[in-house]
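Going line by line, the protein sequences match chains A and B.
Letter by letter, the first sequence follows residues 1061 to 1659 in this note's numbering.
Letter by letter, the second sequence follows residues 4 to 674 in this note's numbering.
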Amino acid sequence: MNAHQWLELTLYLGALILVTKPLGLYLGRVFDANGKTFLDPIFRPLEKLTYWIFRVDPTKEQGWKQYTFALLIFSLVSLLFTYAILRLQNFLPLNPQNFPALSEHLAFNTAVSFTTNTNWQSYAGESTMSYLSQMVALTIHNFFSAAVGMAVAAALVRGIARHSAQTIGNFWVDLTRITYYLLLPICLVFAIFLVSQGMIQNFKPYTSAKLIEPQTISVQKTDANGKPVLDAKGNPVMENQTLDTQTIVQGAMASQVAIKMLGTNGGGYTNANAAHPFENPTPLSNFLQMLALLSIASALTYHLGRETKNQKHGWSVWSAMFAMCLAGVLFCWWAEARGNPIHQQLGVAIGDGNMEGKEVRFGIFNSALFATVTTDASCGAVNSMHDSFTPLGGLVPLFNIQTGEVIFGGVGAGLYGMLIFVVLTVFIAGLMVGRTPEYLGKKIESYDVKMVLLAFVILAFIILGFTAWASVSDWGKSSLNNQGPHGLSEILYAYTSGAGNNGSAFAGLNANTPMYDTTLGIDMLFGRFGMIIPLLALAGSLARKKIVPASAGTFPVSGFTFVVLLVGTVILVGALTFLPALALGPIVEHFLMLKGNLF
Amino acid sequence: MTHKPVSIFDAKILAPALGDTFRKLDPRLMVKNPVMFVTLVGAAISTVEIFRSPGQTGFVLQIAIWLWFTVLFANFAEAVAEGRGKAQAKALRQTRTQTSANKISDDGKIKIVDADSLRKNDVIVVRAGEIIPADGEIVHGAATVDESAITGESAPVVREAGGDRSAVTGGTRVLSDEIKIRITCNPGEGFLDRMISLVEGASRQKTPNELALTILLAALTIVFLLAVITLKPLGIYSGVNFSNSVLIALLVCLIPTTIGGLLSAIGIAGMDRLLQRNVLAMSGRAVEAAGDVDVLLLDKTGTITLGNRQATAFLPASGVTEQELADAAQLASLADETPEGRSIVVLAKNFGIRAREIHELPGAQFVPFTAQTRMSGVNYEGQQIRKGAATAVKQFVGGTLPKEVESAVENISRSGGTPLVVATQERALGVIHLKDIVKGGLAERFKRFRAMGIRTVMITGDNKLTAAAIAQEAGVDDFLAEAKPEDKLALIRKEQTGGRMVAMIGDGTNDAPALAQADVGVAMNTGTQAAKEAGNMVDLDSNPTKLLEIIEIGKQLLITRGALTTFSIANDVAKYFAIIPAMLMVTFPVIAPLNIMHLHSPDSAILSAVIFNALVIVALIPLALRGVKFRPLGAAQILRRNLLIYGVGGVIVPFAGIKLIDLVVAGLHLA
């Protein structure tokens, strides 16, 4: 934890603050169907053409039910589209490596994963996906799933801001405008920048390089069917393999990585994700990728404040997110810098901290920072292996996701997730000022409480339910590379990441099995739409309500007390729900590590 | 008048409450309260577990006993609140006989009866100085009646049998003569009964806010159920076999039993507190709404000012001394039984005019006020002395008033007072300054309401000038002058369209539409039947300032709920620190550092948490019934304060409590 790293942290957080207001103002124009932007000359004709082709009347707004219906139909159709491409990629063009089609369960899992903005990857991109699959089947969702998330946030903010209104916007207009005016232009610039840093962007077949020093490694022997060969005792038979060439991945990477970060998707082009030298070539590319993944979520809080004419509230929500983000970064950084006492006893890397699973280029600080912000947001891109973090260091990303990814969070998803907690906070603490709880003048009644809690219960249900199921099933345990509490953490992390639509993993778990692919697919679907549907219902309910003018008796939704209260609610609710499971995973593991046990 | 609250330690309440405590174990009743229902099921399972836990029997038995206690304590809280409410209502019924009526029984004799017992078509006699107990029709006689309580007009009106002016309104006062009245509607019957049914379990319905809170508590219960149930397989994975009784203990400790157990008691206690102040609420919803009120509509007369105007000065015309004017004013007012008239007599005394009685003035002929002449006075010793509105007196004296009298009239009007000109048939003698007297302490009270974010609006029939002057003196935020009943209704609608909640207090039939429209409509008991039916509360004392107390009770009710919810959830932190290490200690001794309370043993830790969880309900019963102390502060200050006490306190207290109980449990070798 040296001065240089503190400086970088300050620079990062400073840049995040600076980008919040201007981008927030711009978001307001994008979300407004009649908003003017400087890109109108280019995109306005395209926007009109799109409406004309799809017969959308941009002047007609939708009630929450219509809005939700449109969103679900769109998600279903695009999910099937991706599923079809993945299943048929061997017949489709742009497949120079001649990759076969994906299995049913992997294609299902992957299609769900990208539709839900999760980008959980049960596969390694560079050895599974054709260029067409990467560019069309997956990247299209990187745009659309991000736009859908933002559309929901925009609709919810409208619901809060409007007075006695029946509609919450038009889904098709939101989707179109967000894609054209926000995501496409920024990604275009960002991708070109990434290329300038050395990121690849081509359609070449993979190249081969001769190794200067051939490597001999010990691998499991497999039979003709790809099954491991076992000896008489049932242990896998190992054989030596000498490697003298290396395959170097190629493809249209920069275009995919730009939206992967900006849209908090996180699905890596390569299996190593942002740890791969092509996918994250320089310190500057690392810095800007981290900045991109929080900037829209951060700007959305400004948009909330502006639309509801309570900028202090916007900044208060922002402050709560910021405080939790900073605390997470510092805790994770501290845990990783402190390292693993057993390594240190063995004389390994004294003073370096826990470097296992980290890129030497990035080191402890940039890995801890990246791990924290990628799980604060529902991004899930990684530049280090979370599985190799110390128990407490790995607890940060895990707990970040378990809070519901509301620490800035995914694009849109972070804001609407945080608003669940805001409503919950206002409801519990609001009673304490002696009035029916109000949020920005909207009375919080039993229907609203029901919707908010429904979203919350669904999240807890799928995470805990699937984890418990997998932890006692043969299919669950046979995928584990690590036993003991760490194995439990891997399972818990997988379902948490899926439900939270994050996509990062404790990668010791082999998730590409029929049961894991399917259960994780269901996990992701419920994690996404189990939250969106109740929240759009909430948006509809809030929009219909009158706005009670604020007075001295109104519950204050800004200021220090509110920020503390909101942070307290997020952490307390997350902790109370998941503490028993966490106790058996990372917490026990931490204490065992201190006593010299590793897993 | 306020009743002494019935003590919760009164044996008359405790004995039946104990019986009810067990009667409420009926699962059909318990299921209405999801938190306590889960606790009940947990207690039942633990009881079965006693027989399935060889070697652990003592421990499981104790867990089961305390879980049963948890349920019983919650039932007891509700039973005590109900018992107290019923006792309060009974006491109220007994004291309400004060308002009596002279009923003419079938045999023609006059019998004094409770006003509330009057029924339609009963005939009563009302004499001078008495209040007409209910709406009715005069069947015999004529009388002057002061209807200011209803109309705001301070001048008395004549009501007589037959014709248009035979109807009289409950709550008005007969000033002279004696009349027979046939009652035309049933007075406040049933209100008390309705209130009692709101307190009792059977017909009690959850208020909107209570319902929302119940949903929150139910959702938390589901989440904790999930967390605890999944712990079993997670434990199997980790090689820990959690016993059912330990899991149930953890579950009951985590689910919000504190607020779940006290929630209905808090609601009932809110009604009790209203009853203590002699206010009957027609629904729990109304009490809750009182806490939400943004705007208070207050009638000037009776609420802000003492019922009537009072004479404060004599302003003589040139060539007339103050004494002469005072003397004439007194003569003109001797037969005037209105409060204004009497105040003139009283003021005249200050000028050395001795009090005279009517019978001391033989041959005096008194001229009552009529709507045509708009003057009253006396014909005595050849003098026609009159007092009245300036315009009326002007005509009486022949069309002109002296300049100084004119300017005095103008000055008084401008300052918000009412000028009465006194004159003989020859000339105007001067002006009496009648002034509204604003009740003491109101300005301070309105200031407190302003701090709470509540706006006060004064409603008056006076002209704008008068209204503005009084509004300023009383410290209200706004006023509506020259208000007709329909203006009141329109104002309420306007405020409601703006999203505000409106409270008003009223008594007249005129007020009925507004009372019905208002979110909180308090009818005075002396008011008309229509008013009482339209409102959602009745104030038995007919005290307009009661509205302020009602609002405080509503707020207190909501604050108590929020505070105990926060407390309940905050408690879970300490319970986790007690139970989780205890559950894992046997398999993973390395987590000993997590046992930060240094509890004696895993068993004693779990038992202590369960005992704390049960006892905290009992400990908080008094608070639930009394309500959290209410302070008239802004929301931000109230929040900070309550957050510190119930949020931060809720985290800290159980650490101390569980540790203490653990010391006792270990000391007694219970676990």
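Think of the CB as a built atom: it goes at the ideal place given N, C-alpha and C, for glycine as much as any other residue.
* For A:G1558 and A:T1178, believed in contact at Cβ under 8 angstroms, the rounded distance -> If you number the first sequence from 1, residue 1178 of chain A lands on position 118. If you number the first sequence from 1, residue 1558 of chain A lands on position 498. The C-beta distance from A:T1178 to A:G1558 rounds to 6 angstroms, short enough to meet the 8 angstroms contact threshold.
* Of all the residues that make up the region 1601–1616 of chain A, which are near chain B by a beta-carbon distance shorter than 7 angstroms? -> Here the close residues are K1606, I1607, V1608, P1609, S1611, A1612, G1613, T1614, F1615 and P1616.
* **Inter-residue spacing [alpha-carbon to alpha-carbon] between B:Q101 and B:V142** => Indexing the second sequence from 1 puts residue 101 of chain B at position 98. Indexing the second sequence from 1 puts residue 142 of chain B at position 139. Annotation note: pLDDT 47 at B:Q101 (below 50); position unreliable, coordinate value reported separately. One Cα belongs to B:Q101, the other to B:V142, and the distance between them is close to 25 angstroms.
* With a threshold of 16 other CB atoms inside 10 Å of the CB of A:I1647, please say whether the residue is buried or exposed. => Indexing the first sequence from 1 puts residue 1647 of chain A at position 587. That one is buried.
* Asked: In terms of alpha-carbon separation, which member of B:A90, B:G88 and B:V129 lies closest to B:K106?
  -> Against the second sequence, residue 106 of chain B aligns to sequence position 103. B:K106 has its Cα closest to that of B:V129, out of B:A90, B:G88 and B:V129.
* To do: Leaving aside the five residues before and after B:A426 along the sequence, list all residues of the same chain whose C-beta is less than 7 angstroms from its C-beta, in chain order.
  => Position 423 of the second sequence, counted from the first residue, corresponds to residue 426 of chain B. Contacts found: R389, V396, F399, V400 and L432.
* Asked: Which word fits B:N36, buried or exposed, when buried means at least 16 other C-beta atoms lie within 10 angstroms of its C-beta?
  -> Walking along the second sequence from the start, residue 36 of chain B turns up at place 33. Buried, by the Cβ-count rule.
* Use the C-beta contact count for A:T1267: other C-beta atoms within 10 angstroms, 16 or more gives buried, fewer gives exposed. => As a working note, residue 1267 of chain A is residue 207 in the first sequence. The residue is exposed, with fewer than 16 neighbouring Cβ atoms inside 10 Å.
* Asked: Residues in the region 488–512 of chain B with C-beta within 7 angstroms of chain A's C-beta atoms, listed in sequence order?
  -> Listed by position, the residues of the region 488–512 of chain B near chain A (Cβ gap below 7 angstroms) are G501, G502 and R503.
* What in chain B is Cβ-close to A:L1513, meaning under 7 angstroms? -> Locating residue 1513 of chain A in the first sequence gives position 453, where the first residue counts as 1. Neighbours of A:L1513 on chain B, chain order: I218, L219 and A222.
* Following the continuous alpha helix (DSSP H) through A:E1367, name the residue where it begins and the one where it ends. => Residue numbering aside, residue 1367 of chain A sits at position 307 when the first sequence is read from its first letter. Going by DSSP, A:E1367 is part of the alpha helix (DSSP H) stretching over P1343 to E1367.
* Short Cβ contact (7 angstroms threshold) for B:E325 with B:F354 -> As a first step, residue 325 of chain B is located in the second sequence; it is residue number 322 there, counting from the start. As a first step, residue 354 of chain B is located in the second sequence; it is residue number 351 there, counting from the start. Yes, these two residues count as a Cβ contact at 7 angstroms.
* In chain order, what residues of the region 434–466 of chain B put their CB closer than 8 angstroms to some CB of chain A? -> Listed in sequence order: R453, A454, M455, G456, I457 and R458.
* To do: Specify the secondary structure class of B:S108 as computed by DSSP and reduced to three states.
  => Residue 108 of chain B sits at position 105 when you count from the first residue of the second sequence. Coil, per DSSP.
* From A:N1150, A:F1253, A:S1444 and A:A1530, pick the residue whose C-alpha is nearest to that of A:L1429; which is it? -> As a first step, residue 1429 of chain A must be located in the first sequence, where it is residue number 369. For A:L1429, the nearest C-alpha among the options comes from A:S1444.
* Cβ of A:V1532 less than 7 angstroms from any chain B Cβ? -> Along the first sequence, one-based indexing puts residue 1532 of chain A at 472. Yes, its Cβ sits closer than 7 angstroms to a Cβ of chain B.
* **Under 8 angstroms by beta carbon: chain B residues contacting A:I1488** => Here residue 1488 of chain A refers to the residue found at position 428 when the first sequence is read from its first residue. Contacts between A:I1488 and chain B, judged by CB atoms closer than 8 angstroms, involve L219, G565, T568, T569 and I572 in chain order.
* **Nonlocal neighbours in the same chain, by C-beta distance under 7 angstroms from B:G191, ignoring five residues either side** => Here residue 191 of chain B is taken as the residue at index 188 of the second sequence, counted from 1. The pLDDT assigned to B:G191 is 49, lower than 50, so where the model puts this residue is not dependable, and the model offers no usable value.
* Taking contact to mean at least 3 C-beta pairs separated by less than 8 angstroms, is the region 1430–1444 of chain A in contact with the region 1323–1340 of chain A? -> Because the criterion of three Cβ pairs below 8 angstroms is met, the region 1430–1444 of chain A and the region 1323–1340 of chain A touch.
* Between the Cα of B:S169 and the Cα atoms of B:Q375, B:F62 and B:G144, which residue gives the shortest distance? -> Counted from its first residue, the second sequence places residue 169 of chain B at position 166. Comparing Cα-Cα distances from B:S169 to each of B:Q375, B:F62 and B:G144, the minimum goes to B:G144.
* Where do the N-terminal and C-terminal ends of the beta strand (DSSP E) with B:L423 fall, by residue? -> As a working note, residue 423 of chain B is residue 420 in the second sequence. For B:L423, the enclosing beta strand (DSSP E) covers residues T421 to A426.
* Along the alpha helix (DSSP H) that carries A:M1321, what are the first and last residues, could you check? => If you number the first sequence from 1, residue 1321 of chain A lands on position 261. Per DSSP, A:M1321 belongs to the alpha helix (DSSP H) from A1314 to L1322.
* To do: Could you pull out every unbroken alpha helix (DSSP H) segment of at least 4 residues lying fully inside the region 531–606 of chain B, listed in chain order?
  => Counting only runs of at least 4 residues, the region 531–606 of chain B fully encloses the following alpha helix (DSSP H) elements, listed from N- to C-terminal order: 532–537 and 549–587.
* To do: Tell me where the alpha helix (DSSP H) around B:R643 begins and ends.
  => Position 640 of the second sequence, counted from the first residue, corresponds to residue 643 of chain B. Residues A638 to N645.
* Could you say which of A:M1313, A:T1637 and A:K1372 lies nearest to A:I1461 if we only look at CA atoms? => Within the first sequence, the letter at position 401 stands for residue 1461 of chain A. Of A:M1313, A:T1637 and A:K1372, the residue nearest in Cα terms is A:T1637.
* Which residues in the same chain have their Cβ closer than 8 angstroms to the Cβ of A:F1174, if we skip the five residues on either side of it in sequence? -> Residue 1174 of chain A sits at position 114 when you count from the first residue of the first sequence. Excluding residues within five positions, the ones whose Cβ falls inside 8 angstroms are T1142, A1197, L1198, H1201, N1202, S1205, N1325 and G1327.
* To do: For chain B, find out if any of its Cβ atoms is closer than 7 angstroms to the Cβ of A:S1506; answer yes or no.
  => In the first sequence, counting from the first residue as 1, residue 1506 of chain A sits at position 446. Closer than 7 angstroms to some Cβ of chain B, the Cβ of A:S1506 qualifies, so yes.
* State yes or no: is the C-beta of B:L300 within less than 7 angstroms of the C-beta of B:M507? => Counting from 1 along the second sequence, the entry for residue 300 of chain B is found at position 297. Counting from 1 along the second sequence, the entry for residue 507 of chain B is found at position 504. The answer is yes: Cβ separation under 7 angstroms.
* Tell me B:V389's beta-bridge partners as DSSP assigns them. => The residue you call residue 389 of chain B lines up with position 386 of the second sequence. The sequence shown places Arg at residue 389 of chain B, rather than the Val named in the question. DSSP links B:R389 through a beta bridge to B:G380 and B:A426.
* Roughly how many angstroms separate the alpha carbons of A:A1649 and B:I594, rounded to a whole number? -> In the first sequence, the residue the question calls residue 1649 of chain A occupies position 589. In the second sequence, the residue the question calls residue 594 of chain B occupies position 591. The sequence shown places Glu at residue 1649 of chain A, rather than the Ala named in the question. Near 9 angstroms, if we compare the C-alpha coordinates of B:I594 and A:E1649.
* To do: From the DSSP output, read off the bridge partner residues of A:N1300.
  => For the purposes of this step, residue 1300 of chain A is taken as the residue at position 240 of the first sequence. Answer is A:S1278, bridged to A:N1300.
* Where the alpha helix (DSSP H) through B:K27 begins and ends -> Stepping through the second sequence from its first residue, residue 27 of chain B is reached at position 24. From DSSP, B:K27 is part of no alpha helix (DSSP H); its letter is neither H nor E.
* Can you give me the Cβ contacts of A:M1321 inside the same chain, cut-off strictly under 6 angstroms, excluding the 5 residues immediately before and after it? => Numbered from its first residue, the first sequence carries residue 1321 of chain A at position 261. Excluding sequence neighbours, A:M1321 sits near Q1349, A1352 and L1353.
* **Close-in-space but distant-in-sequence residues of the same chain around B:L121 (CB under 8 angstroms, 5 per side omitted)** => Here residue 121 of chain B refers to the residue found at position 118 of the second sequence. A104, K106, I127, P136, A137, I186, N189 and P190.
* Length of the line joining the Cα atoms of B:Q65 and B:L666 -> One-based indexing of the second sequence puts residue 65 of chain B at position 62. One-based indexing of the second sequence puts residue 666 of chain B at position 663. Here the C-alpha atom of B:Q65 lies approximately 16 angstroms from the C-alpha atom of B:L666.
* List in chain order: all unbroken beta strand (DSSP E) runs of 3+ residues lying wholly within the region 1213–1272 of chain A. => With a minimum length of 3 residues, no continuous beta strand (DSSP E) run stays inside the region 1213–1272 of chain A.
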